[in-house]
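Residue numbers (the numbering used here): 1 to 90. Glycine included, each C-beta is placed from N, C-alpha and C at the ideal position.
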């Protein structure tokens, strides 16, 4: 049972928050993982859409490198893709 006087969100009333916490606790792990994967895929799609908008002539390979530059640190992108985001752009 959820018992706390502290709200997790300033714009959610305590009763609603209690329901949200109980739902989160009762959700099976496989379902939580499915939600994480779905959210990750959506974020990747939004990032790619933004890159396509900024670089309309970019090839799929270039878009992959640019996406990697958004996700990973510069040194990793240079090592794995041979792409320096500070030179080529993010």
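Backbone CA spacing between residue i and residue j [nearest angstrom]
i, j, result
"residue 76", "residue 62", "16 Å"
"residue 78", "residue 47", "20 Å"
"residue 134", "residue 29", "No information on residue 134 is available, as it lies outside the stretch 1 to 90 that the chain covers here."
"residue 55", "residue 89", "10 Å"
"residue 44", "residue 38", "10 Å"
"residue 87", "residue 71", "17 Å"
"residue 25", "residue 31", "11 Å"
"residue 36", "residue 27", "13 Å"
"residue 80", "residue 20", "41 Å"
"residue 34", "residue 40", "10 Å"
"residue 49", "residue 85", "18 Å"
Expected contact under 8 Å - CB spacing of residue i and residue j to nearest Å
i, j, result
"residue 9", "residue 22", "Contact flag wrong, Cβ pair sits at about 15 Å."
"residue 83", "residue 65", "4 Å"
Unbroken alpha helix (DSSP H) run spanning residue i, endpoints
i, result
"residue 46", "29–54"
"residue 8", "Where residue 8 is concerned, there is no enclosing alpha helix (DSSP H), given that its DSSP letter is neither H nor E."
"residue 90", "Here residue 90 belongs to no alpha helix (DSSP H), and DSSP marks it neither H nor E."
"residue 66", "60–71"
"residue 57", "Run containing residue 57: none; DSSP gives neither H nor E here."
Option nearest residue i by Cα separation, candidates the options
i, options, result
"residue 52", "34, 25, 67", "67"
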